[in-house]
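Chains as they are written, first to last, in my numbering: chain A, 1 to 636; chain B, 637 to 890.
Backbone N, C-alpha and C define an ideal beta-carbon position, used for all residues, glycine too.
From a predicted model like this one, the values you see are computed outputs, not experimental measurements.
Notes follow the structure.
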Amino acid sequence: MFTGKHARGKASRLPKIQHRSLSWDELKRELGKVEKPARYTGGEVNSVRKDPAHVEVRFALAFPDVYEVGASHLGSHILYSILNGRDDTACERAYAPWPDMEALLRRKGWPLYTLESFTPLSEFDIVGFSLQYELTYTNVLAMLDLGGIPLRTSERAEGESLVIAGGPCAMAPEPLAEFIDAFALGDGEEITGEIVDAYKEWKKSGQPRSALLLRLASVEGVYVPSLYKVDYTPDGKIASIAPVDTSVPRVVKRRILPSMETAPLPCDPLVPLIPPIHDRAMVEIFRGCTQGCRFCQAGMLYRPVREREPETVDSAARSILGRSGYDEVSLVSLSSADYSRIADVVTNLVSTHPCGARVSLPSLRVDSFSVRLAEMIGSSAKSGLTLAPEAGSQRMRDAINKKVTEDEVMDAARAAFTAGYSHIKVYFMVGLPSETDEDVLAIADLVHKIRQAGRDLGRKPTVVVSVSGFVPKPHTPFQWEAATLPEELMRRQRLLRGALRGPGLEYRYHEADMTQLEAVFARGDRRLGKVLEMAFRKGRRFDAWPDRFVRGDWLDAISEAGLNVGFYAHREREKDEAMPWEHLSAGVRKSFLWREKERSEERVVTADCRSGVCAGCGVCPDFGVGVALAKGKVAG
Amino acid sequence: MRVRTKYEKGDPVRFLGHLDVARVIQIAVFRAKWPIEMSQGFSPRPRLSFYAPLPAGTAGTEEYFDAQLRAPWGLPGLARSLSESLPGGFWLHEVRGIPDKEESLEQRIVASRYSIDVKGVDAGALSRSLDAFLAEQEVFFDVVRPKETRTVDLRPFVLEVGETRAESGDRAVLEMTLKHDAGRTIRPQWVLGSLSRFGLDLDPREAIIDRRKILFGQREDRRDTGPQANTPQAVAPQAEEPQGPGRGAESRER
Chain A
1 MFTGKHARGK
11 ASRLPKIQHR
21 SLSWDELKRE
31 LGKVEKPARY
41 TGGEVNSVRK
51 DPAHVEVRFA
61 LAFPDVYEVG
71 ASHLGSHILY
81 SILNGRDDTA
91 CERAYAPWPD
101 MEALLRRKGW
111 PLYTLESFTP
121 LSEFDIVGFS
131 LQYELTYTNV
141 LAMLDLGGIP
151 LRTSERAEGE
161 SLVIAGGPCA
171 MAPEPLAEFI
181 DAFALGDGEE
191 ITGEIVDAYK
201 EWKKSGQPRS
211 ALLLRLASVE
221 GVYVPSLYKV
231 DYTPDGKIAS
241 IAPVDTSVPR
251 VVKRRILPSM
261 ETAPLPCDPL
271 VPLIPPIHDR
281 AMVEIFRGCT
291 QGCRFCQAGM
301 LYRPVREREP
311 ETVDSAARSI
321 LGRSGYDEVS
331 LVSLSSADYS
341 RIADVVTNLV
351 STHPCGARVS
361 LPSLRVDSFS
371 VRLAEMIGSS
381 AKSGLTLAPE
391 AGSQRMRDAI
401 NKKVTEDEVM
411 DAARAAFTAG
421 YSHIKVYFMV
431 GLPSETDEDV
441 LAIADLVHKI
451 RQAGRDLGRK
461 PTVVVSVSGF
471 VPKPHTPFQW
481 EAATLPEELM
491 RRQRLLRGAL
501 RGPGLEYRYH
511 EADMTQLEAV
521 FARGDRRLGK
531 VLEMAFRKGR
541 RFDAWPDRFV
551 RGDWLDAISE
561 AGLNVGFYAH
571 REREKDEAMP
581 WEHLSAGVRK
591 SFLWREKERS
601 EERVVTADCR
611 SGVCAGCGVC
621 PDFGVGVALA
631 KGKVAG
Chain B
637 MRVRTKYEKG
647 DPVRFLGHLD
657 VARVIQIAVF
667 RAKWPIEMSQ
677 GFSPRPRLSF
687 YAPLPAGTAG
697 TEEYFDAQLR
707 APWGLPGLAR
717 SLSESLPGGF
727 WLHEVRGIPD
737 KEESLEQRIV
747 ASRYSIDVKG
757 VDAGALSRSL
767 DAFLAEQEVF
777 FDVVRPKETR
787 TVDLRPFVLE
797 VGETRAESGD
807 RAVLEMTLKH
817 DAGRTIRPQW
827 VLGSLSRFGL
837 DLDPREAIID
847 RRKILFGQRE
857 DRRDTGPQAN
867 TPQAVAPQAE
877 EPQGPGRGAE
887 SRER
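Here it is, written out as structure tokens:
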């Protein structure tokens with residue numbers, strides 16, 4: 001029987017890592033044994049290899065998911081370009097090895113290496129993880145372990161790598177607090193370079209590691225968890241989170257770029273040699289989203305909206321297409337149809353690109369304008385269009401502040417069928433706060449109406465209904481809410497499933513058990529670090545992949561750690577309860593979030609601040625930033 | 637204008653599968669700004685043709701693809717720009733013009749010659765087991781794929797097995813020529829896998845396999861489809877790819 005005591009043992013640690021680069025000849029005879037070996041061989045178009053002798057800092061960007069996912073991640077592309085743009089820094093990349101590759105590495109006693117130079121992670125000055133999703137956390141531990149880096153901050157000796165992490169999950173990172181030396185909060189463009197600068201100065205100073213951590217804590221937006229002490233109340237809630245040193249800020253504020261116009265816009269993207277999940281060039285057209293959907297963490301974490309000018313987008317798109325060799329460019333943002341100049345930019349790109357480049361738009365709104373846009377770009381041979389009404393009843397849509405009416409949904413659907421689409425995918429959530437069976441069944445009603453609209457227009461429609469379970473996320477108005485129990489989520493899923501049988505309807509759902517675990521870690525505190533380590537020792541990897549998720553291991557780890565799933569996932573928080581991320585500020589005030597929660601209960605909708613009406617979230621005055629909308633036009 | 641490109645698939649891109657190679661080359665010709673002609677229809681694709689697919693793990697010294705261009709371009713310019721655009725591990729040998737109506741290269745491929753490099757196996761034992769293989773009339777082998785297992789008679793596809801040489805570092809190397817028959821062929825790994833029946837235990841996945849040459853010629857009767865229809869003697873491979881009209885443009889040397 002695996003107990004907590006044994007979990008701390010080092011039995012599964014790699015044999016002493018060989019401190020040298022792996023040779024290609026050794027690898028070559030072994031890689032034929034793993035699935036998709038090109039995940040582990042690098043050599044991508046626009047990848048950068050520098051001579052380590054000519055730089056001062058070696059930086060490894062580590063992505064805790066499989067290659068095809070990590071190699072599509074735009075944020076990593078941006079940081080890779082910024083870091084390699086510095087003469088003093090060499091930035092390389094590593095991705096989580098799939099379990100077959102991990103087994104090979106362990107069998108051979110080989111370290112996890114970077115793809116540019118086959119160098120073990122432990123050889124790098126700084127290892128920086130990107131945290132996109134809670135269920136990748138055990139991959140972070142696996143990568144450290146395979147890379148030859150001690151798991152815990154407290155175990156790392158002088159001379160060992162500095163381990164940092166950024167990305168949306170860094171805004172509520174407590175489950176990883178014992179494993180990560182420093183978190184970078186908010187926009188990464190500037191802070192990453194500042195961390196490298198601080199590291200360089202520290203290296204020259206010859207001071208101990210503890211001085212590096214203190215120095216980093218003074219960089220705006222850097223959170224060094226070991227410099228904060230967390231106390232708990234007798235019933236297990238957070239009593240206080242306080243810095244252990246007077247030089248350490250009480251609250252760490254997220255970094256916000258004042259303008260995207262002056263932000264780096266790399267035009268030499270890395271082009272993987274095997275297709276990544278998003279196999280196209282990408283240009284970020286704006287950052288932030290002000291729709292204000294109350295369940296959406298990204299909508300709160302990336303405020304305010306900062307648009308790029310259309311000329312900037314247009315020339316970047318052309319340049320990236322030419323320099324990547326892609327024939328399709330995606331205009332990326334949290335809600336691309338919201339971009340002030342979207343029609344101009346799309347029309348111009350489609351009509352004047354010499355090779356007839358295709359344009360794709362992720363995250364379209366639910367309205368007929370979005371459908372017209374989709375039509376304009378002739379997306380994927382009219383095969384499919386995705387709409388996300390998120391909830392079925394008007395009552396629920398008002399509660400979550402999804403500002404779309406049934407008429408608009410139906411207009412969008414009719415526009416899509418008229419334009420020739422026959423395959424429509426609709427996204428919904430179940431398990432939302434205050435949801436009743438009536439609300440769940442309203443999803444089915446809406447779907448039936450959409451199918452009927454298609455039939456009325458003489459199509460043979462297929463409506464794919466994709467339903468996920470709601471997870472309350474930190475820094476959102478729903479951060480106080482209890483997540484719905486998995487049994488209840490499944491009951492609602494079944495209820496909906498039963499109402500959605502028939503020709504032209506397809507039903508897809510997200511595993512309720514995974515939703516529950518996500519809810520545990522999204523709002524978790526430091527005590528969950530023990531759970532992560534135990535789950536890692538039990539072999540949990542890639543739990544974001546439904547066929548690799550093993551619920552039993554997680555439940556065992558949680559109970560062996562003396563913790564309780566319900567406490568983290570299914571407990572409603574009190575208004576004044578200190579959250580585990582109380583000391584990390586995204587800029588959106590807690591009072592605003594609470595007001596939005598109350599408005600949700602009253603079914604009152606809050607306007608998008610693009611409309612000019614300020615909802616008073618606090619980001620702009622508190623951080624000295626503002627909404628920036630594009631003013632220019634593209635020369636057509 | 638139609639051009640035929642001869643290139644090498646080396647390290648580390650040997651681990652790309654055939655479809656990956658086609659995708660990477662498509663990206664490279666776009667980067668090189670070749671005026672590629674696009675197919676008609678809803679989702680236009682560039683008109684590129686690839687031949688004799690190699691699996692992930694196998695390198696190729698002389699591989700080919702054909703491209704249909706919208707406009708004439710100087711061959712040296714095509715070669716230079718593509719050479720600069722290909723990722724490391726690909727090497728461009730030659731770009732030359734071919735007639736628009738030239739038949740597909742696939743029709744003329746009769747065999748592939750591979751070099752095989754295995755480690756931890758005694759060269760004498762390997763040689764003896766290969767002799768035993770060649771002495772058989774038929775050698776059935778189960779090709780296991782995710783969704784089906786297919787039994788293939790390997791023997792008729794093995795045209796020639798060269799001398800096995802012992803090399804430094806506990807390695808043994810040899811060359812092997814395998815037949816292509818109406819688009820069907822076998823992999824050297826399958827032959828190595830079948831050697832367990834002839835007293836040799838080796839993991840074919842650890843062999844380093846490079847296709848050195850694609851051999852071209854005329855088959856006796858192109859309509860026959862079964863490997864039995866063509867005995868090994870029926871093909872007369874000619875070593876070089878037949879030269880069409882048009883001037884070759886040599887590119888980067890290794």
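Identify the contact partners of residue i in chain B, using a Cβ-Cβ distance below 7 Å as the criterion.
i              : result
T41 (chain A)  : P648, F651
D525 (chain A) : Simply none; closest approach about 43 Å.
I377 (chain A) : Ordered by position in chain B, no residue passes the 7 Å Cβ test against I377 (chain A), which lies about 13 Å from the chain.
K473 (chain A) : Within 7 Å Cβ-Cβ: nothing; K473 (chain A) doesn't reach chain B, min ~36 Å.
V283 (chain A) : The contacting residues do not exist; V283 (chain A) stays about 17 Å from chain B at best.
L31 (chain A)  : F651
K108 (chain A) : Neighbours of K108 (chain A) on chain B: none; closest Cβ ~12 Å, over 7 Å.
For residue i, go through chain B and note every residue whose CB falls closer than 9 Å to its CB, in chain order.
i              : result
P266 (chain A) : Going along chain B, no residue has its Cβ under 9 Å from P266 (chain A), so there is no contact; the nearest lies around 16 Å.
W24 (chain A)  : D647, P648
So residue i and residue j are supposed to be a Cβ contact under 8 Å. How far apart are they, rounded?
i              : j              : result
L227 (chain A) : V252 (chain A) : Contact flag wrong, Cβ pair sits at about 10 Å.
R527 (chain A) : A561 (chain A) : 7 Å
Classify residue i as buried or exposed, calling it buried when 16 or more other Cβ atoms lie within 10 Å of its own Cβ.
i              : result
P477 (chain A) : buried
W670 (chain B) : buried
I256 (chain A) : buried
Q869 (chain B) : With a pLDDT of 39 at Q869 (chain B), under the threshold of 50, the modelled position of this residue cannot be trusted; read the value that follows with caution. Q869 (chain B) should be labelled exposed.
V634 (chain A) : buried
S240 (chain A) : exposed
L135 (chain A) : buried
E190 (chain A) : buried
D767 (chain B) : exposed
D857 (chain B) : In this prediction, D857 (chain B) has a pLDDT of 45, which is less than 50 and means its spatial position is unreliable; nothing more can be read from the coordinates.
V467 (chain A) : buried
F63 (chain A)  : buried
V604 (chain A) : exposed
V305 (chain A) : buried
L657 (chain A) : Residue 657 (chain A) is absent from the structure shown; chain A starts at 1 and stops at 636.
Confirm the yes/no value for this check: CB of residue i, any heavy atom of the ligand GTP, distance under 8 Å.
i             : result
N46 (chain A) : The ligand GTP is not among the ligands present in this structure, which contains no ligands whatsoever.
Please classify residue i: does DSSP put it in a helix, a strand, or coil?
i              : result
I424 (chain A) : strand
E856 (chain B) : Because E856 (chain B) carries a pLDDT of 47, less than 50, the predicted location of this residue cannot be relied on, and the following value inherits that uncertainty. In the structure shown, E856 (chain B) sits in coil (DSSP, three-state: anything other than H, G, I, E or B).
R716 (chain B) : helix
F286 (chain A) : strand
A442 (chain A) : helix
Q479 (chain A) : coil
A512 (chain A) : helix
Can you list the residues of chain A that residue i reaches, using a CB-CB cut of under 9 Å?
i              : result
I752 (chain B) : Those do not exist, as I752 (chain B) stays about 12 Å from chain A at its closest Cβ, beyond 9 Å.
F666 (chain B) : L321, G322, S324, G325, Y326, D327, C355
Which bits of chain A does residue i rub up against, with CB to CB less than 8 Å?
i              : result
S748 (chain B) : The contacting residues do not exist; S748 (chain B) stays about 18 Å from chain A at best.
R847 (chain B) : The contacting residues do not exist; R847 (chain B) stays about 15 Å from chain A at best.
List, in chain order, every chain B residue whose beta-carbon is nearer than 8 Å to that of residue i.
i              : result
L270 (chain A) : Those do not exist, as L270 (chain A) stays about 11 Å from chain B at its closest Cβ, beyond 8 Å.
Q) Taking three-plus beta-carbon pairs below 8 Å as touching, is the segment 611-630 of chain A in contact with the segment 330-338 of chain A? A) Counting C-beta pairs with one atom in each stretch, the segment 611-630 of chain A and the segment 330-338 of chain A have fewer than three that are closer than 8 Å, which means they do not touch.
(Q) Check whether the segment 548-561 of chain A and the segment 532-540 of chain A touch, using three or more Cβ-Cβ pairs below 8 Å as the test. (A) yes
Q.
Any contact between the segment 261-269 of chain A and the segment 432-450 of chain A? By contact I mean 3 or more CB pairs, one from each, below 8 Å.
A. no
Q. Does the segment 798-814 of chain B come within contact of the segment 744-761 of chain B, defined as at least 3 CB pairs closer than 8 Å?
A. yes
Q) Are at least three pairs of beta-carbons, each pair with one atom in the segment 499-518 of chain A and one in the segment 98-105 of chain A, less than 8 Å apart? A) no
Q: Taking 8 Å as the threshold, find out whether the segment 41-60 of chain A comes into contact with the segment 75-92 of chain A through three or more Cβ pairs.
A: yes
Q. Quick one: any contact between the segment 491-504 of chain A and the segment 589-604 of chain A, if contact means 3 or more CB pairs under 8 Å?
A. no
Q. Per the contact definition of three or more C-beta pairs closer than 8 Å, is the segment 150-157 of chain A in contact with the segment 166-182 of chain A?
A. Because the criterion of three Cβ pairs below 8 Å is met, the segment 166-182 of chain A and the segment 150-157 of chain A touch.
Q. Hey, is the segment 212-223 of chain A in contact with the segment 543-550 of chain A, meaning 3+ C-beta pairs nearer than 8 Å?
A. no
Q: Pair every Cβ in the segment 230-238 of chain A with every Cβ in the segment 566-586 of chain A, then say whether three or more of these pairs are closer than 8 Å.
A: yes
Q | Validate contact between the segment 316-330 of chain A and the segment 296-303 of chain A using beta carbons, cut 8 Å, 3 pairs | A | no
Q: Say whether the segment 510-519 of chain A touches the segment 455-473 of chain A, bearing in mind that this needs 3 or more beta-carbon pairs closer than 8 Å, one atom from each stretch.
A: Cβ pair count under 8 Å is three or more, so yes.
Q. Should the segment 61-81 of chain A be called in touch with the segment 265-282 of chain A, which here means at least 3 C-beta pairs below 8 Å?
A. yes
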